[in-house]
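Undergrad: Chains as they are written, first to last, in our numbering: chain A, 567 to 867; chain B, 2 to 223.
Think of the CB as a built atom: it goes at the ideal place given N, C-alpha and C, for glycine as much as any other residue.
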Amino acid sequence: MNNVRARLRRWTVLGVVLAVVGLTVPDSATPRFDGSLVKVENARGLDTDPGVVWILALGSDARPGEPVLRSRADSIHLVGINPRTGHATIIGIPRDSYVDIPGYGRDKINAAMVYGGPQLEAAAVAGMMGITPDYVFTTSFWDFSRMVWSIGGVDVHSAHAFSEPLVTIREGVNHVNGVEALVFVRERYQLPNGDFDRSRNQGQFMVDGLRQVAGVAAESGGLERALWTFAKHTDIDVGPVELYRLARAVLQVDPQLVDNCVIDGGTTFAGGASVVLPDLGQARAYAQDAGSDATLASGCS
Amino acid sequence: MLSAMTVTVRPLRVVVALLASAVIGATALVGCDDDKTTAPTPSPTSASDPTTVSGAPTLTMRPARLETRLVRLAGHLPRERRRSVVASIARPVRSWLRAGFVGGDYPRRDFPGAFADYTRDAARLASRQDEVTTNAALGADLVDVVPTRRTVRLSVFAPHGRAAGATADVTLVLLGIRADESEVELAVTGQLYLTRDGGWQVFGFDLARTLGAPGSYERRRR
Numbered sequence: 567m568n569n570v571r572a573r574l575r576r577w578t579v580l581g582v583v584l585a586v587v588g589l590t591v592p593d594s595a596t597p598r599f600d601g602s603l604v605k606v607e608n609a610r611g612l613d614t615d616p617g618v619v620w621i622l623a624l625g626s627d628a629r630p631g632e633p634v635l636r637s638r639a640d641s642i643h644l645v646g647i648n649p650r651t652g653h654a655t656i657i658g659i660p661r662d663s664y665v666d667i668p669g670y671g672r673d674k675i676n677a678a679m680v681y682g683g684p685q686l687e688a689a690a691v692a693g694m695m696g697i698t699p700d701y702v703f704t705t706s707f708w709d710f711s712r713m714v715w716s717i718g719g720v721d722v723h724s725a726h727a728f729s730e731p732l733v734t735i736r737e738g739v740n741h742v743n744g745v746e747a748l749v750f751v752r753e754r755y756q757l758p759n760g761d762f763d764r765s766r767n768q769g770q771f772m773v774d775g776l777r778q779v780a781g782v783a784a785e786s787g788g789l790e791r792a793l794w795t796f797a798k799h800t801d802i803d804v805g806p807v808e809l810y811r812l813a814r815a816v817l818q819v820d821p822q823l824v825d826n827c828v829i830d831g832g833t834t835f836a837g838g839a840s841v842v843l844p845d846l847g848q849a850r851a852y853a854q855d856a857g858s859d860a861t862l863a864s865g866c867s
Numbered sequence: 002m003l004s005a006m007t008v009t010v011r012p013l014r015v016v017v018a019l020l021a022s023a024v025i026g027a028t029a030l031v032g033c034d035d036d037k038t039t040a041p042t043p044s045p046t047s048a049s050d051p052t053t054v055s056g057a058p059t060l061t062m063r064p065a066r067l068e069t070r071l072v073r074l075a076g077h078l079p080r081e082r083r084r085s086v087v088a089s090i091a092r093p094v095r096s097w098l099r100a101g102f103v104g105g106d107y108p109r110r111d112f113p114g115a116f117a118d119y120t121r122d123a124a125r126l127a128s129r130q131d132e133v134t135t136n137a138a139l140g141a142d143l144v145d146v147v148p149t150r151r152t153v154r155l156s157v158f159a160p161h162g163r164a165a166g167a168t169a170d171v172t173l174v175l176l177g178i179r180a181d182e183s184e185v186e187l188a189v190t191g192q193l194y195l196t197r198d199g200g201w202q203v204f205g206f207d208l209a210r211t212l213g214a215p216g217s218y219e220r221r222r223r
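#1: Just grab the DSSP bridge partners of residue 195 of chain B for me.
#2: Going by DSSP in three states, residue 664 of chain A sits in which element: helix, strand or coil?
#3: Mapping DSSP to helix, strand and coil, what is residue 710 of chain A?
#4: Look at the alpha carbon of residue 626 of chain A and the alpha carbon of residue 815 of chain A, and state the distance between them as a whole number of angstroms.
#5: Could one say the Cβ of residue 141 of chain B lies closer than 9 Å to chain A's Cβ atoms, at least one of them?
#6: Anyone know if the C-beta pair for residue 751 of chain A and residue 778 of chain A falls short of 9 Å?
#7: Tell me the DSSP secondary structure of residue 684 of chain A in three-state form.
#8: Can you list, in chain order, the residues of its chain whose CB lies under 6 Å from that of residue 166 of chain B, leaving out five sequence neighbours each side?
#9: Whole angstroms is fine: what's the gap from residue 147 of chain B's alpha carbon to residue 735 of chain A's?
#10: Pull up the DSSP beta-bridge partners for residue 177 of chain B, would you.
#11: Tell me, please, which residues DSSP counts as bridged to residue 656 of chain A.
#12: To the nearest angstrom, how far is the alpha carbon of residue 694 of chain A from that of residue 217 of chain B?
#13: Assuming residue 853 of chain A and residue 696 of chain A form a contact by the criterion Cβ under 8 Å, report the distance between their Cβ atoms to the nearest whole angstrom.
#14: For residue 154 of chain B, collect the residues of the same chain with a Cβ closer than 6 Å to its Cβ; drop the 5 residues on either side in sequence, then sort them by chain order.
#15: Within 10 Å of its beta-carbon, does residue 737 of chain A have 16 or more other beta-carbons around it, so buried, or fewer, so exposed?
#16: Between residue 209 of chain B and residue 188 of chain B, what straight-line distance do the alpha-carbon atoms span, to the nearest angstrom?
#17: Can you list, in chain order, the stretches of the beta strand (DSSP E) that have 3 or more residues and sit fully within the stretch 84-140 of chain B?
#18: Between the stretch 118-130 of chain B and the stretch 90-98 of chain B, do three or more beta carbon pairs fall short of 8 Å?
#19: Which two residues bound the contiguous alpha helix (DSSP H) that contains residue 850 of chain A?
#20: Which same chain residues, not among the five before or five after residue 110 of chain B, have their C-beta less than 8 Å away from its C-beta?
#21: Step through the CB atoms of chain B and report whether any lies within less than 9 Å of the CB of residue 607 of chain A.
#22: Can you give me the C-alpha to C-alpha distance between residue 203 of chain B and residue 668 of chain A, rounded to a whole angstrom?
#23: With 16 as the cutoff for other CB atoms within 10 Å, does residue 663 of chain A come out buried or exposed?
#24: Take the Cβ of residue 684 of chain A as the centre, count every other Cβ of all protein chains shown within 10 Å, and call the residue buried at 16 or more, exposed below.
#25: For residue 789 of chain A, name the three-state secondary structure that DSSP assigns.
#26: Determine the chain A residues that contact residue 114 of chain B at a beta-carbon separation under 7 Å, and present them in chain order.
#27: For residue 204 of chain B, which residues in chain A fall below 8 Å Cβ to Cβ?
#28: Take residue 748 of chain A and list the residues in its own chain whose beta-carbon comes closer than 7 Å to its own, dropping the five residues that flank it on each side.
#29: Rounded C-beta distance between residue 215 of chain B and residue 186 of chain B? I'm assuming under 8 Å.
#30: For residue 787 of chain A, return the contacting residues in chain B, with the cut-off set at a CB-CB distance below 8 Å.
#31: Quick one: Cα of residue 835 of chain A to Cα of residue 661 of chain A, how far?
#32: Taking only the alpha-carbon atoms, compute the straight-line gap between residue 866 of chain A and residue 772 of chain A and give it to the nearest angstrom.
#33: Nearest chain A C-beta to residue 221 of chain B closer than 9 Å, yes or no?
#34: Using the Cα positions of residue 756 of chain A and residue 703 of chain A, report the straight-line distance between them to the nearest angstrom.
#35: Let me confirm a value: residue 806 of chain A is counted as buried when at least 16 other C-beta atoms fall within 10 Å, else exposed. Which label applies?
#36: Against chain A, does residue 171 of chain B count as a neighbour if the rule is that its beta carbon must be under 9 Å from one of theirs?
The structure is reproduced here in structure tokens:
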């Protein structure tokens, strides 16, 4: 009888223990590890021109009512991209650079667009740099601003802090909308090196803008949507197929692999106007260095 | 190289453009393309229930249909032409999936014609990476394959009433069986870039390949 009671007690204790354990330990489904570690192999490729694609990016100084293509080029950047490697080089050209303009003698390089539109501006840049652009892209103040709005603004890195009425730019990263972006790329008086720093800021905005566009394009149909908006509001002298391919090529650029340099120069007067005598040796050296692969082996000298 | 061009932004209302883009972009056209493959005769049996034909194990589960869907139309394309345009764009994608993965007899190492609808340069680049762009890495070890998921989602750029470029978001999940009757799942996902230059051709790709146990792709998605 005692044995029976002892056995019953043991089973009761065991039962209670099992019941407690059963209540406190989650069932097998709960602690299951649902994560995974998967090896991913990648393949990427794009049929593009084997060399560097050069794009001349111009910001027209046109005011409302003035012809965008026959106003001065307020910002001038020669951009080389290498879609195969993701490298790019941005070479900022001071707008007051005093150079030869084919057919018009020596003048500020930004006057070439007034004389002969983007084609002559491209010719003047080619004469100065030794590189003929494959494409010329021209925008105006207001359409630049609209494009920035359309991609949701840009996180731009600023090397300097400055402020304008209603707009404050901090040193470091700033999220700017279309209006603030225009302030950022136009400001020069509050920058230590004036127009040279402004040109550098404009190049920086291209890098950061590319990062933003890449984010938009990464969404399903994002590139097509952005391109359609772009094409609907631009005069384009290339076919849509070439435009689509160019866009894909530009998106191959890794913003981390972009050199952003500005050609140095000294200031003097010519014809009663302040001009910049650009360092043509440096300009040619940049062009030669980046010509084959869109990289500057020595960076910005 | 390429001739110089001028691109000038006109002062138009971007807000209107974005609104119109959203409206048109929301218009989706769905098309199912029942791409017959050389996979075994469809049967309701599961992948884990292989049968043996002529001494070799084969999969007898029903191959997934190739589903082609227009998810975004950026621009204008007459409604009556959309189905045929989608079919035209999907054709080189389907051709690549068939020749590079689904079609033909296994085991095999070569996948001829996989890049027949790629541009010459893109085909050269893809051939160099055939362990991802085809089933070359596994093909010799498999005796049979069957697709369990095949989807192609198209985003089309059609600025002047004609489709000029497109992105194809591709998902291919393939169940393979080895000679020892073990199974492996291959998932190829990513994008193909296409333009219409005469006919539609693939001029770029960005693809990823993963291997796992059967069902692992769906588990990762959950």
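TA: Let's see:
#1: The secondary-structure analysis by DSSP pairs residue 195 of chain B across a beta bridge with B:167, B:203.
#2: strand
#3: helix
#4: 25 Å
#5: no
#6: no
#7: helix
#8: Here residue 166 of chain B has 158, 196 as same chain residues with Cβ atoms under 6 Å from its own Cβ, once five neighbours each way along the sequence are excluded.
#9: Straight-line Cα distance between these residues: approximately 58 Å.
#10: B:146, B:185
#11: A:645, A:826
#12: 59 Å
#13: Contact holds; Cβ gap of about 5 Å.
#14: 70, 72, 170
#15: exposed
#16: 8 Å
#17: none
#18: yes
#19: 846-856
#20: 137, 140, 141
#21: yes
#22: 41 Å
#23: buried
#24: Result: buried.
#25: Reduced to three states, the DSSP call for residue 789 of chain A is helix.
#26: Under the 7 Å cutoff, chain A gives no residues; its nearest Cβ is about 18 Å from residue 114 of chain B.
#27: Within chain A, the residues near residue 204 of chain B are 612, 613, 811, 814.
#28: Hits under 7 Å: 707, 710, 711.
#29: 5 Å
#30: 26, 72, 73, 75, 156, 168
#31: 14 Å
#32: 17 Å
#33: yes
#34: 28 Å
#35: Residue 806 of chain A comes out buried.
#36: no
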